[in-house]
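Here the structure is laid out as structure tokens; the discussion comes afterwards.
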Amino acid sequence: MHPDVRDLDERELIKRSAAGNLEAFSELVRRYEKKVFTVAYRFTGNYSDASDLAQEVFIRVYQALPRFRGEASFNTWLYRITANLCRDELRRQKRHKKTSLEEMTAENACPGLPDGNSLSPDEIVEQREFQEMVQACLNELPDEYRLVLVMREIQGLSYAEIAAALDIAQGTVKSRLSRARQAFRQKLFGRREHFKFLSRLLE
1 MHPDVRDLDE
11 RELIKRSAAG
21 NLEAFSELVR
31 RYEKKVFTVA
41 YRFTGNYSDA
51 SDLAQEVFIR
61 VYQALPRFRG
71 EASFNTWLYR
81 ITANLCRDEL
91 RRQKRHKKTS
101 LEEMTAENAC
111 PGLPDGNSLS
121 PDEIVEQREF
131 QEMVQACLNE
141 LPDEYRLVLV
151 MREIQGLSYA
161 EIAAALDIAQ
171 GTVKSRLSRA
181 RQAFRQKLFG
191 RREHFKFLSR
201 LLE
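Mapping of the sequence shown onto UniProt numbering: residues 1 to 203, in sequence order.
Quick look at the structure:
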């Protein structure tokens with residue numbers, strides 16, 4: 001990749017990518033791949049499925065870029081494609097797959113975890129327990145609750161961005177998010193006896 005590609009602004013990268021410039025598109029992928037993977041992972045709860053979904057998202061993005069007109073921001077447009085593919089994936093599954101503890105705690109499986117080198121062995125175990133518990137709770141939420149919760153609480157999107165990505169009103173986002181938080185807290189509270197880390201937090 002030419003050094004100057006990393007210096008291009010998003011609009012120019014999109015323009016070049018739409019014209020078939022693979023170096024520009026690779027830079028777009030580099031900038032957004034972690035965000036896309038995180039949404040896919042938190043939505044599916046499965047590292048392998050999330051990796052496949054993330055790859056499919058960028059295939060769809062590359063194919064659709066020539067038709068991208070910028071009515072919404074690229075970020076919003078990308079989240080819309082990601083959300084639609086996540087929902088399509090779960091529609092194909094008759095039931096949610098169970099995720100093993102080993103897969104849940106594999107290196108880099110959960111973006112955002114602190115570097116293991118900076119934690120004590122006990123803290124690493126507690127982090128793994130906490131991540132497993134969070135994902136288990138997310139897996140039990142209805143799809144639409146899970147989407148808004150991941151987008152707002154994990155990705156930090158605004159109500160307007162979520163509304164645009166999901167093609168719903170901001171009022172719907174707020175009410176759905178409120179119900180999602182309540183449902184998530186209930187599931188979290190119900191598991192407190194099984195996780196030392198969470199039990200201490202709720203004491």
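C-beta atoms are modelled at their ideal positions from N, C-alpha and C, and glycine is treated no differently.
This one's a predicted model, so the numbers in the text were calculated from it and none came from an experiment.
{"Item": "Cα-Cα separation between residue 173 and residue 154, rounded to whole angstroms", "Value": "15 angstroms"}
{"Item": "Cutoff 7 angstroms; reference residue 162; Cβ partners in own chain excluding five residues on either side", "Value": "148, 151, 152 and 173"}
{"Item": "Of the residues 189, 160, 177 and 190, the one placed nearest residue 72, counting alpha carbons only", "Value": "160"}
{"Item": "Through-space distance from residue 62 to residue 6, alpha-carbon basis", "Value": "18 angstroms"}
{"Item": "7 angstroms CB neighbourhood of residue 32 in its chain, flanking five on each side removed", "Value": "78"}
{"Item": "Three-state class that DSSP yields for residue 59 in the structure shown", "Value": "helix"}
{"Item": "Buried or exposed (CB count within 10 angstroms, at least 16 for buried), residue 17", "Value": "buried"}
{"Item": "Complete alpha helix (DSSP H) runs within the segment 168-195 (minimum length 4 residues, chain order)", "Value": "170-190"}
{"Item": "First and last residue of the uninterrupted alpha helix (DSSP H) at residue 13", "Value": "10-18"}
{"Item": "Where residue 72 falls: helix, strand or coil (DSSP)", "Value": "coil"}
{"Item": "Neighbourhood of residue 87 by C-beta, 8 angstroms cutoff - its chain only, sequence neighbours within 5 removed", "Value": "143 and 147"}
{"Item": "Unbroken alpha helix (DSSP H) run spanning residue 162, endpoints", "Value": "159-166"}
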